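First comes the structure, then the notes that go with it.
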Amino acid sequence: MVHIIEREVKTRGQGDVKDVTPEVVAAVEESGLTDGLVTVFVAGSTAGMTTIEFEPGAVADLDRAFEQIAPRHADYRHHLRWGDDNGSSHVRAAILGPSLSVPLKDGVPVLGTWQQIVLVEFDTRPRARKYIIQLLGE
Amino acid sequence: MVHIIEREVKTRGQGDVKDVTPEVVAAVEESGLTDGLVTVFVAGSTAGMTTIEFEPGAVADLDRAFEQIAPRHADYRHHLRWGDDNGSSHVRAAILGPSLSVPLKDGVPVLGTWQQIVLVEFDTRPRARKYIIQLLGE
Amino acid sequence: MVHIIEREVKTRGQGDVKDVTPEVVAAVEESGLTDGLVTVFVAGSTAGMTTIEFEPGAVADLDRAFEQIAPRHADYRHHLRWGDDNGSSHVRAAILGPSLSVPLKDGVPVLGTWQQIVLVEFDTRPRARKYIIQLLGE
Numbered sequence: 135m136v137h138i139i140e141r142e143v144k145t146r147g148q149g150d151v152k153d154v155t156p157e158v159v160a161a162v163e164e165s166g167l168t169d170g171l172v173t174v175f176v177a178g179s180t181a182g183m184t185t186i187e188f189e190p191g192a193v194a195d196l197d198r199a200f201e202q203i204a205p206r207h208a209d210y211r212h213h214l215r216w217g218d219d220n221g222s223s224h225v226r227a228a229i230l231g232p233s234l235s236v237p238l239k240d241g242v243p244v245l246g247t248w249q250q251i252v253l254v255e256f257d258t259r260p261r262a263r264k265y266i267i268q269l270l271g272e
Numbered sequence: 135m136v137h138i139i140e141r142e143v144k145t146r147g148q149g150d151v152k153d154v155t156p157e158v159v160a161a162v163e164e165s166g167l168t169d170g171l172v173t174v175f176v177a178g179s180t181a182g183m184t185t186i187e188f189e190p191g192a193v194a195d196l197d198r199a200f201e202q203i204a205p206r207h208a209d210y211r212h213h214l215r216w217g218d219d220n221g222s223s224h225v226r227a228a229i230l231g232p233s234l235s236v237p238l239k240d241g242v243p244v245l246g247t248w249q250q251i252v253l254v255e256f257d258t259r260p261r262a263r264k265y266i267i268q269l270l271g272e
Numbered sequence: 135m136v137h138i139i140e141r142e143v144k145t146r147g148q149g150d151v152k153d154v155t156p157e158v159v160a161a162v163e164e165s166g167l168t169d170g171l172v173t174v175f176v177a178g179s180t181a182g183m184t185t186i187e188f189e190p191g192a193v194a195d196l197d198r199a200f201e202q203i204a205p206r207h208a209d210y211r212h213h214l215r216w217g218d219d220n221g222s223s224h225v226r227a228a229i230l231g232p233s234l235s236v237p238l239k240d241g242v243p244v245l246g247t248w249q250q251i252v253l254v255e256f257d258t259r260p261r262a263r264k265y266i267i268q269l270l271g272e
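Encoded structure:
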């Protein structure tokens with residue numbers, strides 16, 4: 135069986151991280167699947183998906199690491215092309231990736247206790263982000 | 135239903151990024167699947183898969199970030215082992231990862247408008263890269 | 135068909151990398167699947183999954199890159215919250231990601247010759263790590 139659910143979340147711009155675990159767990163429950171795979175995918179090239187212990191400290195630490203990898207206020211060739219200011223966003227998003235897949239067991243994603251599924255906003259402005267929760271299984 | 139398609143793309147070496155979205159879209163169309171998941175996987179430990187806005191500026195910015203994370207002309211223990219010069223390639227590829235999964239909806243990968251599926255070459259020499267397009271769904 | 139297998143591996147703490155390819159290959163064989171997708175997922179927010187050429191040089195090079203991205207002995211806000219010392223672990227794990235999906239062909243994961251599936255320990259202490267091998271296919 136295949137299920138697909140679209141959701142939206144509003145973000146405040148670069149460094150904002152949203153815990154979407156409750157939405158993913160609810161989507162699995164609604165599907166009735168007990169075994170299978172859930173894939174969470176963010177459409178767009180300036181955001182990413184991963185897991186983290188969702189508490190403000192770890193979230194801020196992650197943002198600081200990405201600021202070192204691709205500083206917001208550096209020169210980017212992407213800026214020259216479009217007059218954009220979000221070159222750092224594209225680089226960070228490409229490195230993190232837009233997709234996360236988590237196995238299901240007994241109808242629940244097999245996450246650790248302190249492990250949440252998060253959408254990481256990298257764009258320099260607030261966005262309304264569409265993400266897809268996709269389920270495969272039985 | 136399960137489908138697997140193998141494709142090859144020639145790269146010019148480190149920093150070369152290939153847009154494989156047309157091949158992925160065509161593979162989905164040929165499969166006849168409307169709903170499911172497409173996984174694109176590059177076999178090999180010196181290349182990776184991700185999404186990016188595929189324009190030369192963003193691609194160059196990504197390369198620069200990886201050059202900072204794992205500089206090409208630094209010392210690597212991997213070089214001592216094999217006499218290779220591609221320690222930077224292995225590190226970059228392990229961080230990016232070889233796999234990307236994208237949900238399908240109505241027979242199309244649910245990518246953003248400016249979001250392409252790309253194979254990122256990290257090796258220090260040109261390669262003929264095999265990658266696999268794998269489809270699960272109905 | 136859906137199969138799920140749980141495995142455990144003991145690690146020695148940050149920088150320890152475990153080759154779990156034999157366990158994954160064995161799980162695929164036991165399942166009897168010939169075509170499909172295998173997803174390997176580590177439950178927990180201080181470890182990650184990827185592929186690498188599994189030899190001590192490349193593994194040490196990867197550790198050095200992560201030490202630059204998120205130095206172990208830096209200040210982390212996560213430390214202020216819990217009195218933990220593993221802020222570097224959370225940042226590294228979020229960047230690498232907990233999940234890896236590999237297509238199957240003829241009953242074997244389509245890895246390159248020098249490409250192994252690895253669990254990367256980022257926590258600052260030894261751990262007994264649970265990971266899940268999940269199979270979808272036919």
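Residue numbers (my numbering), protein chains in the order written: chain A, 135 to 272; chain B, 135 to 272; chain C, 135 to 272.
All residues carry an ideal CB built from backbone N, CA and C; glycine is no exception.
Note that this is a predicted model, so its numbers are computed, not measured.
Close-in-space but distant-in-sequence residues of the same chain around residue i (CB under 8 Å, 5 per side omitted)
i: isoleucine 203 of chain A; result: Val225, Arg226 and Ile229
i: glutamine 249 of chain C; result: Thr185, Ile186 and Glu187
i: alanine 192 of chain B; result: Ile186
i: valine 136 of chain A; result: Gln268, Leu269 and Leu270
i: glycine 231 of chain C; result: Gly182, Met183 and Thr184
i: glycine 147 of chain A; result: Glu255, Asp257, Thr258, Arg259, Pro260 and Arg261
Within-8 Å CB hit, residue i to chain A
i: phenylalanine 175 of chain C; result: yes
i: histidine 207 of chain C; result: no
i: alanine 228 of chain C; result: yes
i: leucine 245 of chain B; result: yes
i: isoleucine 203 of chain B; result: yes
i: glycine 166 of chain B; result: no
i: glycine 231 of chain B; result: yes
i: arginine 211 of chain C; result: yes
i: valine 136 of chain C; result: yes
Which of helix, strand or coil DSSP assigns to residue i
i: arginine 198 of chain A; result: helix
i: arginine 226 of chain C; result: helix
i: proline 232 of chain A; result: coil
i: alanine 208 of chain B; result: coil
i: alanine 181 of chain C; result: strand
i: glycine 221 of chain A; result: helix
i: glycine 149 of chain B; result: coil
i: glycine 246 of chain B; result: coil
Close beta carbons around residue i, own chain, < 6 Å, minus the five adjacent residues each side
i: aspartate 197 of chain C; result: Gly149
i: serine 222 of chain A; result: Ala204 and Arg206
i: valine 154 of chain C; result: Ile251 and Leu253
i: arginine 261 of chain C; result: Thr145
i: serine 165 of chain B; result: His137 and Leu269
i: alanine 277 of chain B; result: Any question about residue 277 of chain B goes unanswered here, given that chain B covers just 135 to 272.
Below-8 Å beta-carbon distance, residue i vs any chain B residue
i: proline 156 of chain C; result: no
i: isoleucine 186 of chain C; result: yes
i: glycine 149 of chain A; result: no
i: lysine 239 of chain C; result: yes
i: tryptophan 216 of chain C; result: no
i: alanine 279 of chain A; result: Because chain A in this structure spans residues 135 to 272, residue 279 of chain A falls outside the shown range and cannot be described.
i: serine 179 of chain A; result: yes
i: glutamate 272 of chain C; result: yes
i: alanine 161 of chain C; result: no
Cβ of residue i within 8 Å of any chain C Cβ
i: leucine 171 of chain A; result: yes
i: glycine 191 of chain A; result: yes
i: aspartate 195 of chain A; result: yes
i: serine 235 of chain A; result: yes
i: isoleucine 251 of chain B; result: no
i: threonine 225 of chain B; result: A small fix is needed here, since residue 225 of chain B is valine in this sequence, not threonine. Yes, contact with chain C.
Terminal residues of the alpha helix (DSSP H) in which residue i lies
i: arginine 259 of chain C; result: Taken as a continuous stretch (DSSP letters only), arginine 259 of chain C belongs to no alpha helix (DSSP H), as it is neither H nor E.
i: proline 156 of chain B; result: 155-165
i: leucine 214 of chain B; result: 211-216
8 Å Cβ cutoff, residue i in contact with chain E
i: glutamine 268 of chain B; result: Protein chains A, B and C are contained in the structure displayed, whereas chain E is not.
Beta-carbon proximity list for residue i, same chain, < 7 Å, skipping 5 on both sides
i: glycine 170 of chain B; result: Leu238, Leu269, Leu270, Gly271 and Glu272
i: asparagine 220 of chain C; result: Thr180, Asp257 and Thr258
i: proline 243 of chain A; result: Val158, Val159, Val162, Val172 and Val236
i: aspartate 218 of chain B; result: His212
i: serine 233 of chain B; result: Thr173, Phe175 and Met183
Element boundaries [beta strand (DSSP E), containing residue i]
i: glycine 241 of chain B; result: That residue, glycine 241 of chain B, is in no beta strand (DSSP E); it is neither H nor E in DSSP.
i: glycine 170 of chain C; result: 170-176
Residue i CB to nearest heavy atom of the ligand MN below 7 Å
i: glutamine 268 of chain B; result: The ligand MN is not among the ligands present in this structure, which contains no ligands whatsoever.
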